[in-house]
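Q: Numbering (our numbering), first residue to last: 1274 to 1578. Every residue gets a Cβ at the ideal spot worked out from N, C-alpha and C, and that includes glycine.
(1) To the nearest angstrom, how far is it from the Cα of residue 1514 to the Cα of residue 1520?
(2) Only counting runs of 3 or more residues, tell me where the beta strand (DSSP E) segments fall wholly within the region 1438–1513, in order along the chain.
(3) Who are the Cβ neighbours of residue 1470 in its own chain at under 7 angstroms, not counting the five residues just before and after it?
(4) List the whole-angstrom C-beta distance separating residue 1541 from residue 1498, where the pair is believed to meet the contact cut-off of C-beta under 8 angstroms.
(5) Can you give me the C-alpha to C-alpha distance between residue 1507 and residue 1551, rounded to a whole angstrom?
(6) Which residues mark the beginning and the end of the alpha helix (DSSP H) in which residue 1277 is found?
(7) Looking only at DSSP bridge pairs, what is residue 1409 linked to?
(8) Kindly indicate which residue of 1545, 1494, 1427, 1518 has the alpha-carbon position closest to the one of residue 1530.
(9) Which runs of the beta strand (DSSP E) at least 3 residues long sit entirely within the region 1275–1322? Give them in chain order.
(10) When the Cα of residue 1276 is compared with those of 1404, 1479, 1384, which residue comes out closest?
(11) So, helix, strand or coil for residue 1383, using DSSP?
(12) What span of residues does the alpha helix (DSSP H) with residue 1577 cover, start to end?
(13) Out of 1374, 1476, 1355, 1357, which one is the CA nearest neighbour of residue 1363?
(14) Between 1496, 1534, 1560, 1482, which lies nearest to residue 1511 when the distance is taken from Cα to Cα?
(15) Give the straight-line distance between the Cα atoms of residue 1391 and residue 1465, rounded to the nearest whole angstrom.
(16) Could you tell me the alpha carbon to alpha carbon distance between residue 1283 and residue 1360, rounded to whole angstroms?
(17) Can you have a look at residue 1422 and say buried or exposed, based on whether 16 or more other CB atoms are within 10 angstroms of its CB?
(18) Between residue 1385 and residue 1440, what straight-line distance do the alpha-carbon atoms span, to the nearest angstrom?
(19) Along the chain, where does the beta strand (DSSP E) that runs through residue 1568 open and close?
(20) For residue 1472, which of 1489, 1430, 1302, 1420 has the nearest alpha-carbon?
(21) Output needed for residue 1294: all residues of its chain with C-beta closer than 6 angstroms, excluding positions within five of it in sequence on either side, in chain order.
(22) What does residue 1538 pair with, by DSSP beta-bridge criteria?
(23) Write down every uninterrupted run of the alpha helix (DSSP H) in the region 1331–1378 whose length is 4 residues or greater and which is fully enclosed by it, in chain order.
(24) Alpha carbon to alpha carbon, what distance is there between residue 1394 and residue 1379?
(25) Determine the direct distance from the alpha carbon of residue 1286 to that of residue 1505, and round the result to whole angstroms.
(26) Buried or exposed for residue 1417, going by 16 or more other Cβ atoms inside 10 Å?
(27) Can the beta-carbon of residue 1309 be found less than 8 angstroms from the beta-carbon of residue 1299?
(28) Could you tell me whether the Cβ atoms of residue 1412 and residue 1483 are closer together than 8 angstroms?
(29) Report yes if the C-beta distance between residue 1331 and residue 1414 is below 8 angstroms; otherwise report no.
(30) Hey, how far is the Cα of residue 1371 from the Cα of residue 1339?
Set out below in structure tokens:
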């Protein structure tokens, strides 16, 4: 999986940072998959600076209905339609997201020429399609807000073809069934269990993407043991009280969560517009004092999960 940050500023854009949006390229070998998390104003313009096309999006996840995470959505939906794309699209988000989409399209005289489904989520499982599982947990913010945990199912082990051939099994269609762990009957009547010729499954990747939040109990469940955690760090540690009063986190709080939850890598984003390049360096330094394996995302930063 590859994560691409399209916007990393909190509240308002700056000359170097757009407001929140990030792409997740699943890079699945057979089914692909391109997901968007949040869609602040100008997201479709940010997409133009990448190799990704809006028509390839199949799912959009909105964390909450504040404008810096949402106001780019109507334009993206319309542009996707104007491009003649017919691929289905599903939007997930908190209560009110369906009304927002319906109202903005209706009042602007707009429509979509592709199948569009809008799903209002709640605490718990969002979906499990057999390859990926997505779980939502409520966060601590002035409006209903969620974080998403993305879990890739474990990948099947590899087939030991040499051992099969040594046991008298000829390469052919049976190998495909054995790769699935099936038990097959050979021409000589022997029964061969594919599981006996498969290596151990490879653990799937895990990722936690947080919306805006002050520290809260559900954050630990979302982040527990993930390969990559994306978390806001709106303000510096010295302004922690102010950050929390507005439903946000400080650098230290984001890093402490990563440490306590045992994540492998922390990416902080959603940086206040008060910080210039030097200020952002200081934010990153504060995070690394607590959790060393940390990066501060800039627009178009790419992270392998």
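A: Put simply:
(1) Here residue 1514 corresponds to residue number 241 of the chain shown, with the count starting at 1. Here residue 1520 corresponds to residue number 247 of the chain shown, with the count starting at 1. Near 10 angstroms, if we compare the C-alpha coordinates of residue 1520 and residue 1514.
(2) 1456–1458, 1464–1466, 1479–1482, 1501–1505
(3) As a position in the chain shown, residue 1470 is number 197, starting the count at 1. Excluding residues within five positions, the ones whose Cβ falls inside 7 angstroms are 1432, 1433, 1436, 1437, 1451.
(4) Taking the chain shown and counting its residues from 1, one reaches residue 1541 at position 268. Taking the chain shown and counting its residues from 1, one reaches residue 1498 at position 225. Between residue 1498 and residue 1541 the Cβ distance is about 19 angstroms, and since that is not below 8 angstroms, they are no contact.
(5) Looking up residue 1507 in the chain shown gives position 234. Looking up residue 1551 in the chain shown gives position 278. Residue 1507 and residue 1551: Cα-Cα distance of roughly 15 angstroms.
(6) Indexing the chain shown from 1 puts residue 1277 at position 4. Note, residue 1277: premise wrong, no alpha helix (DSSP H); beta strand (DSSP E) at 1275–1280.
(7) As a working mapping, residue 1409 is identified with position 136 in the chain shown. Answer by DSSP bridge pairing, in chain order: 1397, 1421.
(8) The sequence position of residue 1530 within the chain shown is 257, counting from 1. If we check each option's Cα against that of residue 1530, 1494 comes out closest.
(9) 1275–1280, 1294–1298, 1307–1312
(10) Along the chain shown, read from residue 1 onward, the residue named residue 1276 stands at position 3. It is 1479 whose Cα lies nearest to the Cα of residue 1276.
(11) As a working note, residue 1383 is residue 110 in the chain shown. Reduced to three states, the DSSP call for residue 1383 is coil.
(12) The residue labelled residue 1577 in the question sits at position 304 within the chain shown. Segment 1575–1577 is the beta strand (DSSP E) holding residue 1577; no alpha helix (DSSP H) there.
(13) Taking the first residue of the chain shown as position 1, residue 1363 is located at position 90. That would be 1374, whose Cα lies nearest to the Cα of residue 1363.
(14) The sequence position of residue 1511 within the chain shown is 238, counting from 1. Closest by alpha carbon: 1560.
(15) Against the chain shown, residue 1391 aligns to sequence position 118. Against the chain shown, residue 1465 aligns to sequence position 192. The alpha-carbon atoms of residue 1391 and residue 1465 are separated by roughly 46 angstroms.
(16) In the chain shown, the residue the question calls residue 1283 occupies position 10. In the chain shown, the residue the question calls residue 1360 occupies position 87. When rounded, the distance between both Cα atoms is 31 angstroms.
(17) As a first step, residue 1422 must be located in the chain shown, where it is residue number 149. Buried, by the Cβ-count rule.
(18) Locating residue 1385 in the chain shown gives position 112, counting from the first residue. Locating residue 1440 in the chain shown gives position 167, counting from the first residue. For residue 1385 and residue 1440, the distance between alpha carbons rounds to 57 angstroms.
(19) Position 295 of the chain shown holds residue 1568. Residues 1567–1569.
(20) If you number the chain shown from 1, residue 1472 lands on position 199. Comparing Cα positions, the closest option is 1430.
(21) If you number the chain shown from 1, residue 1294 lands on position 21. So the list reads 1279, 1280, 1311, 1312, 1313, 1316, once near-sequence residues are dropped.
(22) On the chain shown, residue 1538 is found 265 positions in, with the first residue counted as 1. DSSP lists 1501 as partners of residue 1538.
(23) 1346–1355
(24) Stepping through the chain shown from its first residue, residue 1379 is reached at position 106. Stepping through the chain shown from its first residue, residue 1394 is reached at position 121. Rounded to whole angstroms, residue 1379 to residue 1394 spans 23 angstroms at the Cα level.
(25) Indexing the chain shown from 1 puts residue 1505 at position 232. Indexing the chain shown from 1 puts residue 1286 at position 13. Cα to Cα, residue 1505 sits roughly 15 angstroms from residue 1286.
(26) On the chain shown, position 144 is the one that residue 1417 refers to. Residue 1417 is buried by the Cβ-count criterion.
(27) Numbered from 1 along the chain shown, position 36 holds the residue referred to as residue 1309. Numbered from 1 along the chain shown, position 26 holds the residue referred to as residue 1299. No, they are not a contact pair.
(28) By one-based count along the chain shown, residue 1412 stands at place 139. By one-based count along the chain shown, residue 1483 stands at place 210. It is a contact, given that the beta carbons lie within the stated cut-off.
(29) The residue you call residue 1331 lines up with position 58 of the chain shown. The residue you call residue 1414 lines up with position 141 of the chain shown. No; because the gap between Cβ atoms is not below 8 angstroms, this pair is not in contact.
(30) Taking the first residue of the chain shown as position 1, residue 1371 is located at position 98. Taking the first residue of the chain shown as position 1, residue 1339 is located at position 66. Cα to Cα, the separation comes out at about 14 angstroms.
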